[in-house]
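What follows is a set of notes on a single structure, which appears directly below.
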Amino acid sequence: MVITRFAPSPTGYLHIGGLRTALYSYLWAKKNDGKFLLRIEDTDLKRNSKEAADAIEEAFKWVGLKQDGDIYYQSDRMDIYKSYIQKLLDEDKAYYCYMSKDELDELRATQMKNKQRPRYDRRYRNFTGSVPDVKPVVRIKTPVNEIIKFDDGIKGMISVNTDEVMDDFIIARSDGSPTYNFVVAIDDHEMGVTEVIRGDDHLSNTPKQIIVYRALGFDLPKFYHVPMILNPNGKKLSKRDGAMDVMEYKKEGYLPEALLNFLVRLGWSHKDQEIFSFKEMLELFNPKDINKSASAYNAEKLLWLNSNFIKNSSYERLIKELKFFDLNLENIEKKEILIDALRERAKTLKEFAEKSRLILNEPQDYDQKAVKKFLKAEAIEIAKEFLNYLTVYKEDLNNSNDYEVCISKFLEEKNLKLKNIAQIIRISIVGSAVSPSIYDIMAIVGQNELIKRIKKLIKFMEV
RNA sequence: GGCCCCUUCGUCUAGUGGUUAGGACACUGGCCUCUCACGCCGGUAACACGAGUUCGAAUCUCGUAGGGGUCACCA
211 MVITRFAPSP
221 TGYLHIGGLR
231 TALYSYLWAK
241 KNDGKFLLRI
251 EDTDLKRNSK
261 EAADAIEEAF
271 KWVGLKQDGD
281 IYYQSDRMDI
291 YKSYIQKLLD
301 EDKAYYCYMS
311 KDELDELRAT
321 QMKNKQRPRY
331 DRRYRNFTGS
341 VPDVKPVVRI
351 KTPVNEIIKF
361 DDGIKGMISV
371 NTDEVMDDFI
381 IARSDGSPTY
391 NFVVAIDDHE
401 MGVTEVIRGD
411 DHLSNTPKQI
421 IVYRALGFDL
431 PKFYHVPMIL
441 NPNGKKLSKR
451 DGAMDVMEYK
461 KEGYLPEALL
471 NFLVRLGWSH
481 KDQEIFSFKE
491 MLELFNPKDI
501 NKSASAYNAE
511 KLLWLNSNFI
521 KNSSYERLIK
531 ELKFFDLNLE
541 NIEKKEILID
551 ALRERAKTLK
561 EFAEKSRLIL
571 NEPQDYDQKA
581 VKKFLKAEAI
591 EIAKEFLNYL
601 TVYKEDLNNS
611 NDYEVCISKF
621 LEEKNLKLKN
631 IAQIIRISIV
641 GSAVSPSIYD
651 IMAIVGQNEL
661 IKRIKKLIKF
671 MEV
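Positions in the first sequence are counted from 1; adding 210 to them yields my numbering.
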């Protein structure tokens, strides 16, 4: 069985890079009828791990991801780590090191001064006694001058020499708490993780973890190190680059499926396909198709994807999502016309809501440029004539087509062209020269409201 | 600095020895048109560089350059 995991450290929110690796892990597990686990890595900064977990769960819920089983907290698992540390100690695969932090710093400083790579000199590796009044750390005995090789599912064969990349690294601090590279290996094994999909910033940690696996006789999982996401300038993504928190995308009016589609395609592809439903991702995703190189975040493409998903969303879905933006369309009589008109025009739900309000609410003022350009001297007469025409109009005025008929009859009677009146009507309804089709917006506001707004515009023009 | 990784249009990518190097976003010309969008048709634009191997290289090898990651009693 394929078991994957997402193992964030508790930072308070789920960022988009994390969501991408979580998504990859989730897809791969689910595609193989396996399990996707969630583990909070709080061995050291245990302070707000609960909050962080809540934030992750909230984001997961929004995008439709869910871990199998309970969330694991490393802070709850200290006994497990301690027993393994003891085991290594008993088997002479690890040892107590009494070197103090100060001594270590000093050693490092002189090594750096001599242009040497800073590393622990293994002075306690074979020491069997004890030093009074010193709380020792526990270090693992890493093999001397050995090549560690592993086949990364994305990067290919990686091999490093133990002497060049590590020393006898610390697996337990002087207060007894275990360190990251140790617990990761223990947890992944204990949790039965078979495929580790994570950011490639962990690539250089992998040999250390392999040392732990080997010392304990564990089987190695398959590793996939996915390249990171860069900002639009090709630099490391940072808070300054805008939305990092997944939930910000909700606030900005993105549909979760658009975000997921965007993220899954960042570094991964399936031929020329751009749009993926969740089901298709599940069918087509394979971590072996992930690119080796980092990819830059492209906000325009996300927007394009979002508008695409909005365009293809049902009335019900849109009505539901729009409530988050304080727009309740449920009792709007012509909501279908409104949605159809705006679906193709709004790139985000936020924009959708704003544009809706522009139509639904009577304009408080009129766009100056539009007024200057389209409301010429004769506009007031045309508006008045149309107002009269509308007031005594006998036919039904229900849908967009009815208004189109009405307008064309009016134009014919007065010997006018559409462009003579279109912008006047538009400005009267939304207050600017930009909106969906006038027939649609007339139908949406309805005859009475239309009359009211035209009157208001006439009044405005008269002063 | 040591070690490791990476390099196809501006961006996301397809491509696995023989292609006019394909698609998408963005940009742009046009059509549609009551404005703005949508949509449709078209255009600009890339194999980092240099050596090899080969009849033939974006694809294989080696260098160079550039970018990134990592070197903690952080994760």
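Don't be surprised by glycine CBs; every beta carbon is placed ideally from N, CA and C.
C-beta atoms of residue i and residue j nearer than 8 angstroms
i           : j           : result
residue 330 : residue 378 : yes
residue 470 : residue 233 : yes
residue 415 : residue 391 : yes
residue 413 : residue 423 : no
residue 508 : residue 485 : no
residue 597 : residue 668 : yes
residue 221 : residue 262 : yes
residue 251 : residue 217 : yes
residue 490 : residue 590 : no
residue 354 : residue 372 : yes
residue 317 : residue 266 : no
residue 347 : residue 384 : yes
residue 492 : residue 241 : yes
residue 576 : residue 641 : yes
residue 607 : residue 616 : yes
residue 651 : residue 593 : no
residue 295 : residue 382 : yes
residue 432 : residue 405 : yes
Inter-residue Cα distance where the pair is residue i and residue j
i           : j           : result
residue 388 : residue 513 : 44 angstroms
residue 601 : residue 227 : 59 angstroms
residue 246 : residue 238 : 9 angstroms
residue 638 : residue 552 : 19 angstroms
residue 350 : residue 516 : 50 angstroms
residue 543 : residue 566 : 13 angstroms
residue 280 : residue 248 : 8 angstroms
residue 215 : residue 611 : 55 angstroms
residue 654 : residue 624 : 25 angstroms
residue 658 : residue 527 : 29 angstroms
residue 502 : residue 407 : 13 angstroms
residue 457 : residue 631 : 44 angstroms
residue 398 : residue 522 : 40 angstroms
residue 328 : residue 444 : 31 angstroms
residue 454 : residue 229 : 10 angstroms
residue 425 : residue 344 : 26 angstroms
residue 510 : residue 663 : 36 angstroms
residue 603 : residue 656 : 13 angstroms
residue 283 : residue 300 : 27 angstroms
residue 537 : residue 563 : 6 angstroms
residue 332 : residue 375 : 14 angstroms
residue 288 : residue 380 : 16 angstroms
residue 524 : residue 467 : 14 angstroms
residue 579 : residue 540 : 34 angstroms
residue 482 : residue 410 : 25 angstroms
residue 506 : residue 302 : 47 angstroms
residue 258 : residue 275 : 22 angstroms
Burial state of residue i, where buried means 16 or more other Cβ atoms lie within 10 Å
i           : result
residue 367 : exposed
residue 421 : buried
residue 339 : exposed
residue 235 : buried
residue 320 : exposed
residue 361 : exposed
residue 213 : buried
residue 645 : buried
residue 286 : exposed
residue 628 : exposed
residue 402 : exposed
residue 419 : buried
residue 277 : buried
residue 618 : exposed
Identity of the residues DSSP links to residue i by a beta bridge
i           : result
residue 435 : 408
residue 371 : 357
residue 283 : 250
residue 427 : Paired residue(s): none; residue 427 is not in a bridge.
residue 362 : 366
residue 455 : 225
residue 214 : 246
residue 347 : 307
residue 505 : 439
residue 478 : 500
Counting pairs of Cβ atoms below 8 angstroms between the stretch 294–311 and the stretch 431–440, do you hit three or more? Contact fails: fewer than three Cβ-Cβ distances are below 8 angstroms.
Is the stretch 536–555 touching the stretch 566–578 in the sense that three or more CB pairs, one from each, lie closer than 8 angstroms? The stretch 566–578 makes contact with the stretch 536–555; the number of CB pairs closer than 8 angstroms reaches 3 or more.
Quick check: the stretch 552–567 against the stretch 444–463, are there 3 or more CB pairs under 8 angstroms? Because the criterion of three Cβ pairs below 8 angstroms is met, the stretch 552–567 and the stretch 444–463 touch.
Counting pairs of beta carbons, one from the stretch 523–537 and one from the stretch 481–497, are three or more of them closer than 8 angstroms? Counting Cβ pairs under 8 angstroms, fewer than three are found: no touch.
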